[in-house]
Amino acid sequence: MTKPLIALYQPDIPGNTGAIMRLGACMGIGIHIIGPAGFDLSDRALKRAGMDYIEMATLTRHDGWEEFEAWRKAEGRRLVLMTTKSAVSYMDDTVQTLSAQDVVLFGRESVGAPERVHDAADLRLTIPMIEGRRSLNLAMSVAMVAGEINRRFGL
Numbered sequence: 001m002t003k004p005l006i007a008l009y010q011p012d013i014p015g016n017t018g019a020i021m022r023l024g025a026c027m028g029i030g031i032h033i034i035g036p037a038g039f040d041l042s043d044r045a046l047k048r049a050g051m052d053y054i055e056m057a058t059l060t061r062h063d064g065w066e067e068f069e070a071w072r073k074a075e076g077r078r079l080v081l082m083t084t085k086s087a088v089s090y091m092d093d094t095v096q097t098l099s100a101q102d103v104v105l106f107g108r109e110s111v112g113a114p115e116r117v118h119d120a121a122d123l124r125l126t127i128p129m130i131e132g133r134r135s136l137n138l139a140m141s142v143a144m145v146a147g148e149i150n151r152r153f154g155l
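Note that full-length UniProt numbering has the sequence shown beginning at 1, numbered continuously upward.
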């Protein structure tokens, strides 16, 4: 079954990236990493971060934003940005929040996504939180959205 992909914009923390790769492998969701990352993205480093699940993950690496955008546009995929700067919940059924051809993008742990990424997004969604809280851990955020992807599109 076709379902949305997950993309990480210049991730900072190898442990989060490893956990997300393992999640993707276990839930059948492709993971795209847009570099440069804040850590070594070599196969050896990714194996250490993703443990034995790296071989099972569908992982695509992009050297930078421009490469990723060229790929996404060639594939005809909509860009859905997860951000704290949106009022629309990723679970909102009153709008079409996710489609099978989407790429759901998460920003850097340290600074989120830059304006050019916000400008490129076709849709911006958020994970509702108690007012006054900054953000959730990246791996936890991806896990919540991955659960919604599989609820809507199947395992």
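For every residue, glycine included, the Cβ atom is placed at its ideal position computed from N, Cα and C.
DSSP three-state label for residue i, please.
| i | result |
| --- | --- |
| M56 | coil |
| F106 | strand |
| A7 | strand |
| R152 | helix |
| T17 | helix |
| G38 | coil |
| M82 | strand |
| S89 | strand |
| G147 | helix |
| L123 | strand |
| R61 | strand |
Keeping to the same chain, check which residues put their C-beta closer than 7 Å to that of residue i; ignore five residues upstream and five downstream.
| i | result |
| --- | --- |
| E69 | A120 |
| R61 | I33, G35, L41 |
| V142 | I6, I20, L23, F106 |
| K3 | I29, A100, I149, F153 |
Rounded to a whole number of angstroms, what is the C-alpha to C-alpha distance between residue i and residue j?
| i | j | result |
| --- | --- | --- |
| W65 | M21 | 20 Å |
| N150 | D40 | 30 Å |
| A87 | M56 | 35 Å |
| L5 | I130 | 27 Å |
| T84 | R134 | 8 Å |
| G18 | D93 | 31 Å |
| I31 | L59 | 5 Å |
| V145 | G38 | 23 Å |
| A113 | G132 | 20 Å |
| E67 | E115 | 17 Å |
If I measure Cβ to Cβ from residue i and keep anything under 8 Å in the same chain, skipping five residues before and after, which residues do I get?
| i | result |
| --- | --- |
| S89 | T97, L125, T126, I127, P128 |
| M140 | none |
| R78 | S99, Q101, D102, V103, D122, L123 |
| V117 | Y9, W65, L81, L105, G107 |
| E148 | Y90, M91, L98 |
Only counting the same chain, and skipping five residues up and downstream in sequence, which positions put a Cβ closer than 6 Å to that of residue i?
| i | result |
| --- | --- |
| D63 | G35 |
| N16 | L138, A139 |
- Query: Are there three or more Cβ pairs, one per stretch, closer than 8 Å when the stretch 90–101 is compared with the stretch 66–74?
  - Reply: no
- the stretch 106–115 / the stretch 10–30 touching (three or more Cβ pairs under 8 Å): Contact holds between the stretch 106–115 and the stretch 10–30, because three or more Cβ pairs, one in each stretch, are under 8 Å apart.
- Item | Validate contact between the stretch 23–30 and the stretch 121–130 using beta carbons, cut 8 Å, 3 pairs | no
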